[in-house]
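Structure record follows, encoded as structure tokens.
2 protein chains.
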Amino acid sequence: MKKVTMADVAKLANVSKSTVSQYLNKRYEYMSEETRKRIARAIEELGYQPNIIARSLKQKTTMTIGVIVFNILHMLTTQVLHAIEEACQERGFHVIVSNSDDDPEKERKYIEMLRAKQVDGLIIFPTGKNADVYQKMVEERFPLVFIDRMVPGVKADAILLDNQKAAALAVEYFAERGYKRIGVVAPPPVSHIIPRMERIEGFRQALAKKGLPIVDDYFITTEIPYIQNELARLFASGRLPEALFAINDLTLMEVLYFIKGNHIKIPDELAIISIDDVPFAHVYTPTLTTIAQPTFAMGKKAAERLFLQIAKKSEHQPQIFRFSPTFIERGSAKEKNVIRKREVT
Amino acid sequence: MKKVTMADVAKLANVSKSTVSQYLNKRYEYMSEETRKRIARAIEELGYQPNIIARSLKQKTTMTIGVIVFNILHMLTTQVLHAIEEACQERGFHVIVSNSDDDPEKERKYIEMLRAKQVDGLIIFPTGKNADVYQKMVEERFPLVFIDRMVPGVKADAILLDNQKAAALAVEYFAERGYKRIGVVAPPPVSHIIPRMERIEGFRQALAKKGLPIVDDYFITTEIPYIQNELARLFASGRLPEALFAINDLTLMEVLYFIKGNHIKIPDELAIISIDDVPFAHVYTPTLTTIAQPTFAMGKKAAERLFLQIAKKSEHQPQIFRFSPTFIERGSAKEKNVIRKREVT
DNA sequence: CTTTCATACTAAATCGATTTAGTAATTATA
DNA sequence: TATAATTACTAAATCGATTTAGTATGAAAG
Numbered sequence: 001m002k003k004v005t006m007a008d009v010a011k012l013a014n015v016s017k018s019t020v021s022q023y024l025n026k027r028y029e030y031m032s033e034e035t036r037k038r039i040a041r042a043i044e045e046l047g048y049q050p051n052i053i054a055r056s057l058k059q060k061t062t063m064t065i066g067v068i069v070f071n072i073l074h075m076l077t078t079q080v081l082h083a084i085e086e087a088c089q090e091r092g093f094h095v096i097v098s099n100s101d102d103d104p105e106k107e108r109k110y111i112e113m114l115r116a117k118q119v120d121g122l123i124i125f126p127t128g129k130n131a132d133v134y135q136k137m138v139e140e141r142f143p144l145v146f147i148d149r150m151v152p153g154v155k156a157d158a159i160l161l162d163n164q165k166a167a168a169l170a171v172e173y174f175a176e177r178g179y180k181r182i183g184v185v186a187p188p189p190v191s192h193i194i195p196r197m198e199r200i201e202g203f204r205q206a207l208a209k210k211g212l213p214i215v216d217d218y219f220i221t222t223e224i225p226y227i228q229n230e231l232a233r234l235f236a237s238g239r240l241p242e243a244l245f246a247i248n249d250l251t252l253m254e255v256l257y258f259i260k261g262n263h264i265k266i267p268d269e270l271a272i273i274s275i276d277d278v279p280f281a282h283v284y285t286p287t288l289t290t291i292a293q294p295t296f297a298m299g300k301k302a303a304e305r306l307f308l309q310i311a312k313k314s315e316h317q318p319q320i321f322r323f324s325p326t327f328i329e330r331g332s333a334k335e336k337n338v339i340r341k342r343e344v345t
Numbered sequence: 001m002k003k004v005t006m007a008d009v010a011k012l013a014n015v016s017k018s019t020v021s022q023y024l025n026k027r028y029e030y031m032s033e034e035t036r037k038r039i040a041r042a043i044e045e046l047g048y049q050p051n052i053i054a055r056s057l058k059q060k061t062t063m064t065i066g067v068i069v070f071n072i073l074h075m076l077t078t079q080v081l082h083a084i085e086e087a088c089q090e091r092g093f094h095v096i097v098s099n100s101d102d103d104p105e106k107e108r109k110y111i112e113m114l115r116a117k118q119v120d121g122l123i124i125f126p127t128g129k130n131a132d133v134y135q136k137m138v139e140e141r142f143p144l145v146f147i148d149r150m151v152p153g154v155k156a157d158a159i160l161l162d163n164q165k166a167a168a169l170a171v172e173y174f175a176e177r178g179y180k181r182i183g184v185v186a187p188p189p190v191s192h193i194i195p196r197m198e199r200i201e202g203f204r205q206a207l208a209k210k211g212l213p214i215v216d217d218y219f220i221t222t223e224i225p226y227i228q229n230e231l232a233r234l235f236a237s238g239r240l241p242e243a244l245f246a247i248n249d250l251t252l253m254e255v256l257y258f259i260k261g262n263h264i265k266i267p268d269e270l271a272i273i274s275i276d277d278v279p280f281a282h283v284y285t286p287t288l289t290t291i292a293q294p295t296f297a298m299g300k301k302a303a304e305r306l307f308l309q310i311a312k313k314s315e316h317q318p319q320i321f322r323f324s325p326t327f328i329e330r331g332s333a334k335e336k337n338v339i340r341k342r343e344v345t
């Protein structure tokens, strides 16, 4: 039951290994019809399957890319991964996915391991905390694409949402419909997580631009497990906002859970818009108005950029791509009634 | 910028490659403190990173497994994948995921490619149509685990839900609450997709056991895109069932979409129970009563079984594992009112 | 004082492909 | 007719590790 190698095929077909190799690589130029057939028959007979590891060692290319994500539970991750998968399968590439759990230590380790495994390139949803490691890859011209988040100072391709615009879209929609007291729900803004900053800051700026009040209490920026508490505290204070902007799917889930537990009526008592078009948005009651990221296009772009870098390692000009969000109007934010059913304060 | 190899390290440290290799594999037994330090320094100085491809060629193990799924959009897939990932990361394994799209041709190709890539084992959500290929792997004692679906006649490990029980759980719950006219929504039952058969047949048997009518019209078994139509036709006929059993998350989405579009009230006009505990089940209105698959345990088990096979290729006894579903009682099926709001004949 | 043993290494073979440089035979060109 | 070119191959080096069999040295044992 030992493995069949090229040498076995060569022996059976009565040719050299070199010729078999030529055959496998379809370099038929100077090969007789007769030889070709003999080799084909030998391969068939032995059930020979080439060993790609051996080939990779010589060729220094593995036709494999690595993807490091910081959170698989995120909807964006799943969908982008799907798109990357698809783009890779079209070109015969394979994908190895690793989960950094937003832990820079783990991320660093996975980068090392994947590079040791000789992946041809890396697409990273970065934790943002390994600037030195990222920088080294850029300097070595190792193919690298950031997605979802980017790292200031590291000159690499980055595929991002236009987060400011996404926040503005939400605020403008609320504003136009007469909502004034608007809050935001997000994990804590930290300087190395750019999109979070951009969404929260974009929200603040859009509020200012529309001349709407910026109320500190309406900025629920705390870790996911504490969002319920914060929301409850705000609710108990009696100064509930009229509308809430959830900056991603995970925070939206918290908001919905809170609303459910407190029998708050959407959109009459509280309007909601979130980034990430969750799959149940159109079957929820009310249907959810969301701001969709073009996840598929983003994943595809990331893969394309990586392939570009792999193809011509040298003269590659890193670029930052900002993808426009799409506003999907549904039912969780409507024309605001002047007289509310449950007036607070 | 050429790669640093073990030979470079050996030269700088003034030892042989063998010694460096021993060092890297922590076989310090007969190595002087002095040498160890020199090697460590040389590695540090050169920024040496071992090439795992070369190592794999010699060792005939890649510390990589392949997973072939038939549908990434399925919730089960995502969650099981997550569990497999985690189990692999614990043991230093990497995972390559490929999507067969339920196309046997694709599946066959991916099996070939992954084996050419020398993966140490394969976890497959099988299309069910490549029995010959699966069988060959079993005969060669190539580590293989089926998950979600199994293939009759192929003696390999299989991780499955107890589908009959899942169906029975739903029917019994409905029956005990006074529901009589119960329907099922599923893709078409085909002989090579075992769980689908088991769920539909299990449903039929449970109905019989409870002495409930088996109405052909209440078996909506058609491809996902046509479910809306079938549901509409049934609805138009005026003979709506009182309860519906959705056999997975994808069919549930169709049911919910239909319900939404037709302003049907859950659970008063139509009760619903589905297999797969969708992430929004607890925030939906009403909350959704579901039958959860222990996805995490299943993924973990699949990985463990594969590792077992990898560890001792020979004396491995293939087994079929049936995981028990968990009934999660929420609000989409309640005590049935004797007088219905909208009585249909 | 030889032999054995333990220690601290190394040379060379090996894994299974690809690739380069070359050979032998035949055909075309000067 | 001698030389060049083309065709159809092959031997051997190579990729970068691991591993086996072995060597050299000094200490312990007989």
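Residue numbers (my numbering), protein chains in the order written: chain U, 1 to 345; chain S, 1 to 345.
Where a beta carbon is used, it is the ideal one built from N, C-alpha and C, also for glycine.
Per-residue DSSP class, three states only, for S/T289: strand
Measure the C-alpha to C-alpha separation of S/Q293 and S/F125 and round it to an integer number of angstroms. 15 angstroms
Closest by CA to S/P318, which one among S/A232, S/I39, S/V145 and S/T127? S/V145
Opposing strand residues paired with S/D157 [DSSP bridges]: S/V145
For S/R305, count neighbouring Cβ atoms within 10 angstroms of its own Cβ and tell me buried if that reaches 16, exposed if not. buried
Going by DSSP in three states, U/S16 sits in which element: helix, strand or coil? coil
Run through chain U and tell me which residues come within less than 8 angstroms of S/A54, C-beta to C-beta. L57
Using 7 angstroms as the limit for Cβ to Cβ distance, is U/Q393 near chain S? The question about residue 393 of chain U has no answer, for chain U in this structure spans 1 to 345.
Cβ-based neighbour list, S/D102, same chain, cut-off 7 angstroms, excluding 5 preceding and 5 following: F70, N71 and T127
Beta strand (DSSP E) runs wholly inside the segment 53-119 of chain U, at least 3 long, in chain order: 64-69 and 94-99
Exposed unless 16 or more other CB atoms sit within 10 angstroms - verdict on S/E139: exposed
Could you tell me whether any Cβ in chain U is nearer than 7 angstroms to the Cβ of S/L256? yes
Which value, in whole angstroms, describes the spacing of the CA atoms of S/K60 and U/E112? 21 angstroms
Could you check whether S/V97 and S/V119 sit closer than 7 angstroms to each other, using their CB atoms as the reference points? no
What's the gap between the Cα of U/S16 and the Cα of S/I200? 58 angstroms
What residue does the beta strand (DSSP E) around S/T348 start on, and which one ends it? Chain S is shown from 1 up to 345; residue 348 of chain S falls before or after that span and cannot be answered.
Could you pull out every residue in the same chain whose Cβ sits closer than 7 angstroms to the Cβ of U/M75, ignoring the five residues on either side in sequence? D249, D276 and V278
So, does the segment 242-257 of chain S touch the segment 277-291 of chain U, judging by three or more C-beta pairs under 8 angstroms? yes
U/V171, DSSP secondary structure in three states: helix
So, U/F93 versus U/M63, is the Cβ gap smaller than 7 angstroms? yes
U/A87 and U/K300 - do their beta-carbons sit closer together than 7 angstroms? yes
Compare the C-beta of U/P104 against all C-beta atoms of chain S and say whether one is closer than 7 angstroms. no
If you measure between the beta carbons of U/T287 and U/G331, is that distance less than 7 angstroms? yes
How many Å lie between U/S18 and S/M298 at the Cα? 46 angstroms
If you reduce the DSSP assignment to three classes, tell me which class S/S21 lands in. helix
Examine chain S for any beta-carbon lying closer than 7 angstroms to the beta-carbon of U/H82, and answer yes or no. yes
According to DSSP, what are the bridge partners of U/S274? U/A246 and U/T290
Can you say whether U/V190 is buried or exposed, counting buried as having 16 or more other CB atoms within 10 angstroms of its CB? exposed
Alpha-carbon to alpha-carbon, S/Q79 and U/L46: 40 angstroms
By how many angstroms is the C-alpha of U/L122 removed from the C-alpha of U/A83? 15 angstroms
Which residues in the same chain as U/L73 place their Cβ atom closer than 8 angstroms to its Cβ, once the five residues preceding and following it in sequence are excluded? L250
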